[in-house]
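Quick note on numbering: the sequence shown equals residues 534 to 931 in my numbering. Okay, structure first, notes after.
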Amino acid sequence: MDLSFDPQDEAFRAEARAFLKAKLPASTAEKVKKGYELTRPEIMHWHRTLHAQGWVAPNWPKEHGGPGWTVTQKYIYDEEASLAGAPRLIAFGITMCGPVLMRFGTDAQKQEFLPKILSGDIIFCQGYSEPGSGSDLASLKTRCEVHDDHFLINGQKTWTTSAHMADWIFCLVRTNNEGKRQEGISFLLIDMKTPGVTVRPLITIEGSHEVNEVFFDNVKVPRENLVGEIDKGWTVAKYLLGHERMGGGALGGQKRLLAELKKVSSEETVDGAPLSESPAFARKVAEVEIELQTLEMLMLRQLAAVSADREMGFEASMIKIRRSEIQQRLSELKMEAIGYYGVPFELKALKEGWNEEPVGPDYANALAAHYFNDRKHSIFAGSNEIQHNIISKGMLGL
534 MDLSFDPQDE AFRAEARAFL KAKLPASTAE KVKKGYELTR PEIMHWHRTL
584 HAQGWVAPNW PKEHGGPGWT VTQKYIYDEE ASLAGAPRLI AFGITMCGPV
634 LMRFGTDAQK QEFLPKILSG DIIFCQGYSE PGSGSDLASL KTRCEVHDDH
684 FLINGQKTWT TSAHMADWIF CLVRTNNEGK RQEGISFLLI DMKTPGVTVR
734 PLITIEGSHE VNEVFFDNVK VPRENLVGEI DKGWTVAKYL LGHERMGGGA
784 LGGQKRLLAE LKKVSSEETV DGAPLSESPA FARKVAEVEI ELQTLEMLML
834 RQLAAVSADR EMGFEASMIK IRRSEIQQRL SELKMEAIGY YGVPFELKAL
884 KEGWNEEPVG PDYANALAAH YFNDRKHSIF AGSNEIQHNI ISKGMLGL
């Protein structure tokens, strides 16, 4: 696989940079770079800007509204967008539910949902994990009674990211208790405005509201909202998890964190000299940069396979493990670089308009909060321990 950039690629890079410079609001980019919280209107403004450009879903095929980019163009855009401070979209519809509907959905479902996911008229969240059913997802217990023209849902989902912002949720529910645990699971689309759906916030360790509990109390769902076959939702779930563990094929965020780490280490001093000149610390930065480069090569190779419509196997688990470890390592090194400035943090400092005296440099305000938040990366989308099991089975047949 040729990973070099030809003149057409460089021309596309210039086009992406020009677009970002012209269309990305400076106030939004500044909040992203400082780690401040974004509101739904700010995120949706950028979503609709990308939609107007035809760039909102880089991984979608052109016939469904994607830009028709090559793997290299996707990589270039993600890198440029992340370096510019473009916000991440609420991507459950774009990177997960959309590809699932393209593969398993009916024509009516594709016509109903795909255009609205693209435009941002519908925002999805993911209803997978439950109390006691996280990495062991096949043990889920949310009950689904099957009736002639509808399903009746009772149960609970947890750690549901962006449920407080979402219009719809795609859910795994249990429609049958017989046979293997993976059997008897179905994949449903549920309108969050349906009577009986309740969302309650879960405040994470650093004090932010990102995830939620979602409760279903006799929630009535039309039969046409079933994706794939009844009792065969595990096949759909595995396909979706492959896309989630790939993270949309993006490493631009980690590259921006690496650039920030290098900037911080050049400004912080030890015994009157920049920390970046310390051989011990410079070695740590070099090690994580090499790990990021090798992960990028693996991801580009895997994205090429996806472009050829090949199924993602255990390689997606490899990518998930390495991405999460690198993300955590970058935040650990930034905390190490700023020393005692990283110990205290004020949650209000993450919100626009906070004007109190900072504890240390501007880049230190949000760092502790993000360090704690990054602990989740080795847990969500299937814990890293589970991913190691998948890899050992796929590579060694264990």
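By construction, the Cβ of each residue, glycine as well, lies at the ideal position given by its N, Cα and C atoms. From a predicted model like this one, the values you see are computed outputs, not experimental measurements.
Residue i: first and last residue of the uninterrupted beta strand (DSSP E) it sits in
i           : result
residue 731 : 730-736
residue 908 : Where residue 908 is concerned, there is no enclosing beta strand (DSSP E), given that its DSSP letter is neither H nor E.
residue 659 : 657-660
residue 742 : 742-755
Any non-hydrogen atom of the ligand ZN closer than 7 Å to residue i Cβ
i           : result
residue 677 : Ligands are entirely absent from the displayed structure, and the ligand ZN is therefore not among its contents.
Option nearest residue i by Cα separation, candidates the options
i           : options               : result
residue 757 : 751, 764, 723 and 609 : 723
residue 815 : 721, 867 and 628      : 867
residue 632 : 760, 831 and 793      : 760
residue 869 : 897, 556 and 736      : 897
residue 720 : 765, 827 and 894      : 765
residue 655 : 639, 728, 663 and 622 : 622
residue 871 : 809, 787, 833 and 746 : 809
residue 491 : 598, 673 and 908      : Since the first residue of the chain shown is 534 and the last is 931, residue 491 is not available in this structure.
residue 682 : 749, 638, 726 and 754 : 754
residue 736 : 729, 744 and 805      : 744
residue 748 : 706, 687, 796 and 715 : 687
residue 552 : 613, 567 and 605      : 613
residue 581 : 548, 640, 653 and 909 : 653
residue 851 : 916, 548 and 583      : 916
residue 569 : 620, 821, 639 and 718 : 620
residue 923 : 675, 668 and 548      : 668
residue 651 : 592, 711, 636 and 665 : 592
residue 798 : 767, 894 and 912      : 894
residue 918 : 854, 903 and 907      : 854
residue 557 : 618, 572, 571 and 718 : 618
residue 762 : 679, 626 and 589      : 679
residue 856 : 803, 806, 911 and 583 : 911
residue 739 : 902, 559, 928 and 927 : 902
residue 794 : 817, 548 and 806      : 817
residue 542 : 583, 607, 590 and 575 : 607
residue 820 : 858, 767 and 803      : 858
residue 624 : 702, 643, 600 and 616 : 702
residue 573 : 700, 829 and 566      : 700
residue 829 : 641, 611 and 746      : 611
Residue i (DSSP reduced to helix, strand or coil)
i           : result
residue 723 : strand
residue 571 : coil
residue 872 : helix
residue 705 : strand
residue 565 : helix
residue 642 : helix
residue 687 : strand
residue 540 : helix
residue 718 : strand
residue 713 : coil
residue 759 : strand
residue 598 : coil
Range of the contiguous alpha helix (DSSP H) that encloses residue i
i           : result
residue 678 : No alpha helix (DSSP H) contains residue 678, which is instead part of the beta strand (DSSP E) from 676-679.
residue 636 : 631-637
residue 604 : 604-617
residue 666 : No alpha helix (DSSP H) contains residue 666, which DSSP labels as neither H nor E.
residue 672 : Neither: residue 672 is in no alpha helix (DSSP H) and is coded neither H nor E.
residue 918 : 917-929
Cβ distance (whole Å) where residue i is taken to contact residue j below 8 Å
i           : j           : result
residue 787 : residue 860 : 6 Å
residue 660 : residue 693 : 6 Å
residue 704 : residue 690 : 7 Å
residue 825 : residue 784 : 7 Å
residue 769 : residue 637 : 5 Å
residue 666 : residue 674 : 7 Å
residue 752 : residue 697 : Their Cβ separation, rounded to whole angstroms, is 17 Å, which puts residue 752 and residue 697 out of contact at 8 Å.
residue 603 : residue 538 : That pair is no contact at about 11 Å.
### Task
Taking only runs that begin and end inside the stretch 775-820, name each unbroken alpha helix (DSSP H) of 4 or more residues, in chain order.
DSSP runs (the alpha helix (DSSP H)) wholly in the stretch 775-820: 785-800.
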